[in-house]
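Here the protein sequences line up with chains A, B and C, keeping their order. Using our numbering, you'd call the opening residue of the first sequence number 5 and step up by one each time. Using our numbering, you'd call the opening residue of the second sequence number -6 and step up by one each time. Using our numbering, you'd call the opening residue of the third sequence number 17 and step up by one each time. One structure below.
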Amino acid sequence: MTLYADLVVARDTGFRLAAHLTIEPGQVVALLGPNGAGKTTALRALAGLVPLTDGTVRLDDDSWDAPPGVFVPTEHRPVGVVFQDYLLFNHMTALDNVAFGLRARGTDRATARTAARQWLDKVGLGDHALTKPRALSGGQAQRVALARALATDPRLLLLDEPLAALDASTRVHIRAELGRHLADYPGHTLLVTHDPLDAMVLADHLVIIEHGEIVQQGPPAQVARQPRTDYVAQLVGLNLYRGTARDNVVTLDDASGGGELTVAEPATGQVHVAFPPTAVSLHPRPPAGGPRNSWPVTVVHVEQHAHTVRVRLDGMPPVLADVTPATVAELHLSPGTPLWAGVKATETTTYPS
Amino acid sequence: MTTRSAGRRRARRRGRLPLVLAVPALIGLAFLVVPLAGLLVRAPWSTLADQLFSEEVGQALLLSVVCASLATLVCLVLGVPLAWLLARGDLPGRGVLRALVTVPLVLPPVVGGVALLLVLGRRGIIGQHLDAWFGISLPFTTAGVVIAEAFVAMPFLVIAVEGALRGADPRYEEAAATLGASRWLTFRRVTLPAIAPGVVAGTVLCWARALGEFGATITFAGNFPGKTTTMPLAVYLALETDPGAAIVLSIVLLLLSVTVLVSLRDRWISSPA
Amino acid sequence: MIRFPRVAGLLAAAALALAGCGSGDTSSDAGSAGTAGSPTISGDITVFAAASLTESFTRLGADFEAAHPGVEVTFNFAGSSALAQQINEGAPADVFASAAPKNMDQVTDEGSVTASPVTFVTNTLEIAVPDGNPAKITGLADFAKADLKIALCAEQVPCGAASAMVFEAAGITAAPDTLEQDVKAVLSKVSLGEVDAALVYKTDVLAAGDNVEGIEFPEAGEAVNPYPIAVCANAPNPDDAQAFVDHVLSAKGTAVLTEAGFGAP
């Protein structure tokens, strides 16, 4: 019962998606990537909204798309899609939206409506059955969209940025609720998102694509610990460098900014070195006898986050540091300020690249 | 109280229309309305009632409404799918097709009528077979009026509906497809309701154009009272001998169309979402 | 009722001005034109003529211009009733040639024409049938057959009124399928073969060309239509106008008109 997708989609613009995905029943795979990476194209190819140029999509032995011979049109694929802005039919009530798929697939009106009502109850909108989409809040609309997608009992559930249109506070709530529904859902789920938090919370398996290709995949915890590209590192909020290790010293590649780092675990060969911005300390002059790594840096950018201040620093190598507002005041941090950065070797993670 | 003050605030905002827009707008309005006022001023009000309730006027009026409505129906049945094809179809040479659709707009209606005769007339390419096989002859019949009006009015509908379709978000159709809806079901249940305002606008334009149709009608369907004499034909012929009567007939036609359009507008276009 | 024609006339006059038949140059030239009877006439004249005169008057105009270098003849061909309204509204016409005495009367009644109009030609009705006469029409009696397609002019226009007269005189109740707004519309239906027979003027049959055949019928004599011509009272260029009228009435003019199918007055 595995969904097997070898997606190749070439566009006239020169963009090319080439990604291999497998999704097990009950599994939630998150497709994560920057804008324009091909996430949505992959989702559309699975839904049949974009035909494959090459490759195949099949659920077990059921082939959905295998050019040039096979193409099952969207309306004949057992899929359910939650679109980014939900695309609820504005002239229909919430109930009719949810019942639409069942009606389209031949269920009689009464049965479809009963089932739709049950789904609305399940997503906690039983008393909004006769509300038109425009009168629903963002969170309510999202839940109707989910109910609409699940009502047809699809084998493959596709979620395209399902939380992106929600404000921050609603998002936390809806994310948790979506997680519960996904846990109950026995089919295959693909979640497309650019938000690492959504991916980490909702998915069992992360697939990260950049420029139409998969750059990294694995369980969320592993991806979070050991990013392999700058994009992933940025997503999971880590400083990431590539270099050549000799025992406890890693000579960083020029692409990573150069310099040397002393690391906790001895290694040899090509490695990634990662550490969180919170591990970076900033000093007005060279720290004496403190952290094992220290190097001169210049402040490039200072940005207030929720409770910390993120400082972007140039140097060998460049580095991100999260510091307290008190530190900012103490050190008079502003672009151009010369400082010393320090990182304890024990804060670093080293893994082969 | 709150609604009233809100209304006043809105009114004040409207009042701030820039002069550069307001002046040409008013001139434009005058340009459209003044000729109409001219008709009203010169209308022979004393004989208006007699003219209005004369048998010929009643006959022509009824025929006009029936034919314009039937023509609009024909345009809807054929024009909406055509608009869909132009907006959504994956056709080669769509630009050329779109230009062809507008031909009746550019063609002088009389020429359109001749073209119809050449195709559907007694000796026309198709008409000769209709006549020979089925004994159907369209010129000089009420059906001919409907055809002539539909020919001239259809572009108005097609263009309006196509515009609405192109403005409508095709992703809703994709959403319907993911729910298992066939293209026909999608069209009926998703696309059509979404473009309803455009269809209504197109229908209104189409009907109004059909109602005022003269050239193609008189050329293709001729002029025979009770059968093919619609109001515009009656107006034209009355102008030959009795301009007063022509004015009255024009006013009747005008009142009719304004009444219908205003009532439709209240019902369809300005209804709040 | 008296006032209403003025509205239509105003509209028509406005349309005329737009069509470029302006009078500005005409009137200024008129001042420098020679005296009455002067052989050296020059300037522009504007002739309002019935639509049925289009071909023959265009030829006469060209002849006239050739005979009088420096003179430019501008024509306004339209239905006689429309022309009459335009003239009564003050349209800058020098000459009015009407296809019906009735329309000329409208103009003389208003004082727009002072000199008494002269009948310069007559026109009689003829049966027009498509090339080859497929329905084998032989005479006016065929117009009563319901199974034939028949086109007539609407009674509101002169050829329709004349048709009604001959039918009445012949005691025939015609069964038309269409009552067209003008002669040209009738002829186009004949030439396309959409109707089996129609009643139009003899000149129209001749002008229609090869696709239309004419059949003369005895009852046509009941509705001989005289064409009056006159110089307009407010003619910007009355001398030239009179010269043009004389040209129409000359032997040469009569020849051209006869060739077009018109009869002698």
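Note that CB positions come from ideal geometry on N, CA and C, so glycine has one too.
Check the C-beta distance from residue i over to residue j and give it rounded, since I have them as a contact under 8 Å.
i, j, result
"residue 370 of chain A", "residue 88 of chain A", "The requested residue 370 of chain A does not occur in the structure, where chain A is confined to residues 5 to 357."
"residue 247 of chain A", "residue 320 of chain A", "Contact flag wrong, Cβ pair sits at about 12 Å."
"residue 196 of chain A", "residue 35 of chain A", "5 Å"
"residue 340 of chain A", "residue 303 of chain A", "6 Å"
"residue 142 of chain B", "residue 203 of chain B", "4 Å"
"residue 248 of chain C", "residue 94 of chain C", "Between residue 94 of chain C and residue 248 of chain C the Cβ distance is about 15 Å, and since that is not below 8 Å, they are no contact."
"residue 243 of chain A", "residue 301 of chain A", "Not quite, the Cβ-Cβ distance comes to about 12 Å (not below 8 Å), so this is no contact."
"residue 102 of chain C", "residue 229 of chain B", "Not a contact, Cβ separation roughly 17 Å."
"residue 98 of chain B", "residue 148 of chain B", "5 Å"
"residue 73 of chain C", "residue 245 of chain C", "About 10 Å; that fails the 8 Å criterion."
Between residue i and the ligand SAM, is there a pair consisting of the residue's CB and a ligand heavy atom that are separated by less than 7 Å?
i, result
"residue 76 of chain B", "Although the ligand SAM was asked about, the structure shown includes no ligands whatsoever."
By DSSP, does residue i sit in helix, in strand, or in coil?
i, result
"residue 229 of chain C", "strand"
"residue 301 of chain A", "strand"
"residue 35 of chain C", "Note that residue 35 of chain C scores 34 on pLDDT, short of 50, meaning its location in the model is unreliable and no value can be drawn from it."
"residue 270 of chain A", "strand"
"residue 323 of chain A", "strand"
"residue 69 of chain A", "strand"
"residue 240 of chain C", "coil"
"residue 250 of chain B", "helix"
"residue 353 of chain A", "strand"
"residue 61 of chain A", "strand"
"residue 90 of chain A", "coil"
"residue 158 of chain C", "helix"
"residue 235 of chain A", "helix"
"residue 252 of chain A", "strand"
"residue 197 of chain A", "strand"
"residue 122 of chain B", "helix"
"residue 337 of chain A", "coil"
"residue 128 of chain A", "coil"
"residue 177 of chain A", "helix"
"residue 189 of chain A", "coil"
"residue 285 of chain A", "strand"
"residue 214 of chain A", "strand"
Looking at the strands, I want to know which residues DSSP matches up with residue i.
i, result
"residue 217 of chain C", "C:141"
"residue 93 of chain C", "C:65"
"residue 246 of chain A", "A:276"
"residue 279 of chain C", "C:138"
"residue 75 of chain A", "A:69"
"residue 197 of chain C", "The partner list for residue 197 of chain C (beta bridge, DSSP) is empty, contrary to what the question assumes."
"residue 317 of chain A", "A:303, A:323"
Enumerate in chain order the residues of its own chain whose CB-to-CB distance from residue i is below 6 Å, with the five nearest sequence positions on each side excluded.
i, result
"residue 237 of chain B", "37"
"residue 161 of chain B", "187, 188"
"residue 74 of chain A", "67"
"residue 159 of chain B", "80"
"residue 43 of chain C", "Bear in mind that the predicted position of residue 43 of chain C carries a pLDDT of just 37, short of 50, making it too unreliable to give a figure here."
"residue 93 of chain B", "none"
"residue 327 of chain C", "In this structure chain C extends from 17 to 281, so residue 327 of chain C is not present and cannot be described."
"residue 349 of chain A", "266, 267, 268, 296"
"residue 209 of chain A", "33"
Apart from the five residues on each side of it in sequence, which residues of its chain come closer than 8 Å, Cβ to Cβ, to residue i?
i, result
"residue 173 of chain A", "none"
"residue 138 of chain C", "240, 241, 242, 243, 278, 279, 280, 281"
"residue 232 of chain B", "239"
"residue 257 of chain A", "245, 246, 247, 248"
"residue 58 of chain B", "204, 249"
Give me, in chain order, the residues of the same chain whose beta-carbon lies closer than 7 Å to that of residue i; leave out the 5 immediate sequence neighbours on both sides.
i, result
"residue 13 of chain B", "none"
"residue 236 of chain C", "140, 141, 142, 182"
"residue 144 of chain A", "129, 132"
"residue 81 of chain C", "87, 88, 89"
Practice task
Return the residues of the region 184 to 198 of chain C that lie within a Cβ-Cβ distance of less than 8 Å from chain B, sorted by chain order.
Solution key: Close to chain B, meaning a Cβ-Cβ distance shorter than 8 Å, are the following residues of the region 184 to 198 of chain C: 192, 193, 194, 195, 196, 197.
Handout entry: Chain-ordered residues of the region 71 to 95 of chain A with a beta carbon less than 9 Å from chain B
Key = 77, 78, 79, 80, 81, 82, 83, 84, 85, 87, 89, 90, 91, 92, 93, 94, 95
Handout entry: Contact set between the region 81 to 113 of chain C and chain B, restricted to residues whose Cβ is under 9 Å from the partner
Key = 95, 97, 98, 101
Exercise for the section: Give the residues from the region 150 to 177 of chain A that approach chain B closer than 9 Å (Cβ to any Cβ), ordered along the chain. Expected result: 152, 153, 155, 156, 158, 162
Exercise for the section: Below 8 Å between beta carbons is the criterion; list the residues of the region 96 to 121 of chain B that meet it against any residue of chain C, in chain order. Expected result: 107, 110, 111, 114, 115, 116
Practice task
Return the residues of the region 28 to 61 of chain A that lie within a Cβ-Cβ distance of less than 9 Å from chain B, sorted by chain order.
Solution key: 48, 51, 52, 53
Practice task
Pull out every residue of the region 98 to 121 of chain A whose Cβ sits closer than 8 Å to any Cβ of chain B, in chain order.
Solution key: 104, 105, 108, 109
Practice task
Could you please tell me which residues of the region 166 to 191 of chain B, in chain order, have their CB closer than 9 Å to any CB of chain A?
Solution key: 167, 168, 169, 170, 171, 172, 173, 174, 175, 176, 178, 179, 182, 183, 186, 187, 189
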